[in-house]
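Q: Heads up, the sequence shown is in the numbering used here, so the first residue is 2 and it goes up one at a time.
No residue lacks a Cβ here, since even glycine has one placed at the ideal position from N, Cα and C.
Structure incoming, see below.
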Amino acid sequence: MKFGWSSEIAAAILLIFVGCLFAGSIRIPQFAGVFYPGNPAVLASTVDSMIALATVPSDVGRPAALISPHAGYIYSGPTAAYGYKLLKGLDYSTIIIIGPSHRVGFDGCAVYNEGKWRTPLGDVEIDAELADRLCNESSAIYPGTEEHRQEHSIEVQVPFLQRVLGRFKIVPIEMGYQSETTIKALADALSNVLRGRDDILLVVSTDLSHYYPRETAEQYDNYCISLIQNMKGETLASKLQTDAAKMCGGGPTAAVLIACERLGLTGVRILKYDDSGTSSGDPTSVVGYVSAVIYREDEVETKPQKSEKNETEEYLSKSEQHALLKLARQSIEAAVNNGDRPALDNLSGKLAEPGAAFVTITINGQLRGCIGYTEAIVPLKECVSECAVSAALRDPRFNPLSKQELDKIDLEISVLTPLVDVEDVNDITVGRDGLMISHMGRRGLLLPQVATDYGWDRETFLAQTCRKAGLPTDAWKTGAQIQKFTAFVFGED
2 MKFGWSSEIA
12 AAILLIFVGC
22 LFAGSIRIPQ
32 FAGVFYPGNP
42 AVLASTVDSM
52 IALATVPSDV
62 GRPAALISPH
72 AGYIYSGPTA
82 AYGYKLLKGL
92 DYSTIIIIGP
102 SHRVGFDGCA
112 VYNEGKWRTP
122 LGDVEIDAEL
132 ADRLCNESSA
142 IYPGTEEHRQ
152 EHSIEVQVPF
162 LQRVLGRFKI
172 VPIEMGYQSE
182 TTIKALADAL
192 SNVLRGRDDI
202 LLVVSTDLSH
212 YYPRETAEQY
222 DNYCISLIQN
232 MKGETLASKL
242 QTDAAKMCGG
252 GPTAAVLIAC
262 ERLGLTGVRI
272 LKYDDSGTSS
282 GDPTSVVGYV
292 SAVIYREDEV
302 ETKPQKSEKN
312 ETEEYLSKSE
322 QHALLKLARQ
332 SIEAAVNNGD
342 RPALDNLSGK
352 LAEPGAAFVT
362 ITINGQLRGC
372 IGYTEAIVPL
382 KECVSECAVS
392 AALRDPRFNP
402 LSKQELDKID
412 LEISVLTPLV
422 DVEDVNDITV
432 GRDGLMISHM
442 GRRGLLLPQV
452 ATDYGWDRET
462 FLAQTCRKAG
472 LPTDAWKTGA
482 QIQKFTAFVF
492 GED
């Protein structure tokens, strides 16, 4: 006697297995109870609590796209909540959710184009008509359900949508290999199909860098965040190919940035940045998370706060600025080449007076070193020369600058006013003030332009300064010393 399954039995078992995942054209949740609570009441309470704790600006237009992380809710849920809180009270007919494939490799984009998606909170209908329209735009975009079977990046977004919106449909799109060709095809399709449709919301599912120490992760993450902030979708698409940009959902992000720019959606706010170390308590190996919103700027009644003039506005003349920048560059070149430092005797006037300054080195817009003095204890010219060399060779976050990099660097100098204690955080003006926070032997400083570059509000600026100090992000609320300053910032043209 032979022991085995007949072809009929095997087929029946296969049918039952597939039916468990796609029951009657319903995708059954695969990560409930793993990435997020499987109990409906607990899930609803968890999402609602995270949204209640999030703080969001009131001066953004109607969201056209969100960028949201996709780790387990215990890690990235609080960050994701910032974006979803902006949707409360709004109506959208369809949400297009675009995520990367983590488990299956394939070309192009697979669109889930039929049936429903189920979560513990209920079923959400697929917008089959819109899905088909997107598929008709390019051969790189095609119907596909199997690709979605074991992918979490889209699934974890749906419960948030269910808690903040009324009735809506979804179009899940999973991107395989994130080539520039695929990114362009999706960007073209989105910009063609969504023109004139403010009833459709895009949600990009992505995390940032993975498993680096926090200080290293922040360098990589800040670069990607700056590309988002400045709507550099094509640059992001290119940098992904060489791993210069580290985002698991970088391809979907780039496609949405390109499409939104074409559609005139150029308002961007970074709502929250965090990493897994906040929850795990381990800053030695973290995953970065960002929540961001893209909107139409002409719909905003109150514009985001711009940089204000400050008391250092006319502190240095153009010739004095040029002299300090030249000094900084010559000091770096001499140090890297083991040569003699440039002479300082010919620099007089304000440059010979005590001054505090930071020198920032970037390459292709990415931070390469930043060191400075917070107090005016030496002449400004000596401060700039010393800080330039320290930023090039002694910033512990980077390897020493090499000779091959000298022609690639850009320099920026920030001359600081004296530190002033902050009694009321409402006295801090984003875009004008820099911050230093000190507590329990630790201190961190962020220059005024950092908050402006990343679109932070006051609380985010305070939290990020605490993070820079190696403190809990809420340390500014619990006894830390907060000081502010202004800066006269100038750089090489």
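Using a Cβ-Cβ cut-off of 6 Å (strictly less than) and excluding sequence neighbours within five positions of Ile97, which residues of its own chain qualify?
A: Val172 and Leu203.
Q: Within 10 angstroms of its Cβ, does Ile378 collect 16 or more other Cβ (buried), or is it exposed?
A: The residue in question, Ile378, is exposed, as its Cβ has fewer than 16 Cβ neighbours within 10 Å.
Q: Count the CB pairs spanning the region 231-243 and the region 192-201 that are closer than 8 Å, and state whether there are at least three.
A: At 8 Å Cβ cutoff, the stretches do not touch.
Q: List the DSSP bridge partners of Ser69.
A: Partner(s): Ser206.
Q: What separation, rounded to the nearest whole angstrom, lies between the Cα atoms of Leu325 and Val294?
A: Distance between the alpha carbons of Leu325 and Val294: 38 Å.
Q: Relative to the alpha-carbon of Ser332, which residue among Val385, Thr363 and Tyr316 has its alpha-carbon at the smallest distance?
A: Checked all of Val385, Thr363 and Tyr316; the closest Cα to Ser332 is Val385.
Q: Can you give me the Cβ contacts of Phe32 inside the same chain, cut-off strictly under 6 Å, excluding the 5 residues immediately before and after it?
A: Cβ within range, chain order: His153 and Glu156.
Q: Going by C-alpha to C-alpha distance, which of Leu88, Thr120, Lys351 and Gly340 sits closest to Lys319?
A: Ranking Leu88, Thr120, Lys351 and Gly340 by Cα distance to Lys319 puts Lys351 first.
Q: Within 10 Å of its beta-carbon, does Trp477 have 16 or more other beta-carbons around it, so buried, or fewer, so exposed?
A: Per the 10 Å Cβ criterion, buried.
Q: On a CA-only basis, which of Cys371, Leu402 and Asp341 is nearest Leu446? Give me that one, please.
A: Out of Cys371, Leu402 and Asp341, Cys371 has the C-alpha closest to the C-alpha of Leu446.
Q: Apart from the five residues on each side of it in sequence, which residues of its chain come closer than 8 Å, Cβ to Cβ, to Gly106?
A: Counting only Cβ-Cβ distances below 8 Å, and skipping sequence neighbours, we find Gly177 and Tyr178.
Q: Which residues mark the beginning and the end of the beta strand (DSSP E) in which Met176 is found?
A: Segment Lys170 to Met176, the beta strand (DSSP E) holding Met176.
Q: Gln331 by DSSP, collapsed to three states: which one?
A: Reduced to three states, the DSSP call for Gln331 is helix.
Q: With Tyr143 as the anchor, note down where its beta strand (DSSP E) starts and where it stops.
A: Counting along the chain, the beta strand (DSSP E) containing Tyr143 begins and ends at Ile142 to Pro144.
Q: Who are the Cβ neighbours of Asp396 in its own chain at under 7 Å, not counting the five residues just before and after it?
A: So the qualifying residues of the chain are Gly370, Cys371 and Ile372.
Q: Please report the distance separating the alpha-carbon of Trp457 from that of Arg104.
A: Cα to Cα, the separation comes out at about 34 Å.
Q: Is it true that the CB of Glu219 sits closer than 8 Å to the CB of Gly268?
A: Not a contact, by the Cβ cut-off of 8 Å.
Q: Are there 16 or more other CB atoms within 10 angstroms of the CB of Ile364, so buried, or fewer, so exposed?
A: Exposed, by the Cβ-count rule.
Q: Between the region 267-285 and the region 210-219, do at least 3 Cβ pairs fall closer than 8 Å?
A: Yes: at least three Cβ pairs fall under 8 Å.
Q: Rounded to the nearest angstrom, what separates Pro401 and Glu321 at their Cα positions?
A: Approximately 28 Å, taken between the alpha carbons.
Q: Please report the straight-line C-alpha distance between Ala256 and Ile68, rounded to a whole angstrom.
A: One C-alpha to the other measures close to 12 Å.
Q: Decide if Ile75 is buried, meaning its Cβ has at least 16 other Cβ atoms within 10 Å, or exposed.
A: Result: exposed.
Q: Within the same chain, show all residues whose beta-carbon is closer than 7 Å to that of Gly123, passing over the 5 residues directly before and after it, in chain order.
A: Gln163, listed in sequence order.
Q: For Thr303, which residues from the same chain have a beta carbon less than 7 Å from its beta carbon, with the 5 sequence-adjacent residues on both sides left out?
A: For Thr303, the pLDDT reaches just 40, beneath the cut-off of 50, and the residue's location in the model is therefore unreliable, leaving the point undetermined.
Q: Would Val57 and Leu272 qualify as a contact pair, given that the criterion is a beta-carbon distance under 8 Å?
A: Yes.
Q: Applying the 10 Å Cβ sphere with the 16-neighbour rule, what's the burial state of Glu314?
A: With a pLDDT of only 48 at Glu314, under 50, the local geometry of the prediction cannot be trusted, and the value read off the model is given with reservation. Per the 10 Å Cβ criterion, exposed.
Q: Taking the CB atoms as reference points, tell me whether Leu412 and Arg330 lie closer together than 8 Å.
A: Contact: yes.
Q: With the cut-off set at 8 Å, would you say Val125 and Lys185 are in Cβ contact?
A: Cβ distance not < 8 Å, so Val125 and Lys185 don't count as in contact.
Q: Give the range of the alpha helix (DSSP H) segment to which Met441 is assigned.
A: Counting along the chain, Met441 falls outside any alpha helix (DSSP H), and DSSP gives it neither H nor E.
Q: When burial is assigned at 16 or more other CB atoms within 10 Å of the CB, is Gly480 buried or exposed?
A: Gly480 is exposed by the Cβ-count criterion.
Q: Taking DSSP as the reference, what is the three-state secondary structure of Pro214?
A: Note: Pro214 maps to coil in three-state DSSP.
Q: If you draw a straight line from the C-alpha of Thr207 to the C-alpha of Leu328, how long is it?
A: Approximately 42 Å, taken between the alpha carbons.
Q: Taking just the CA atoms, how far does Asp222 sit from Glu147?
A: Rounded to whole angstroms, Glu147 to Asp222 spans 32 Å at the Cα level.
Q: Find the nearest neighbour of Tyr85 within the set Pro41, Asn114 and Val291, judged by alpha-carbon distance.
A: Per the Cα distances, Val291.
Q: CB-CB under 6 Å to Gln482, same chain, minus the five flanking residues each way: which ones, in chain order?
A: So the qualifying residues of the chain are Ser439.
Q: Relative to the alpha-carbon of Ala45, which residue among Ala53, Pro160, Glu138 and His211 has its alpha-carbon at the smallest distance?
A: For Ala45, the nearest C-alpha among the options comes from Pro160.
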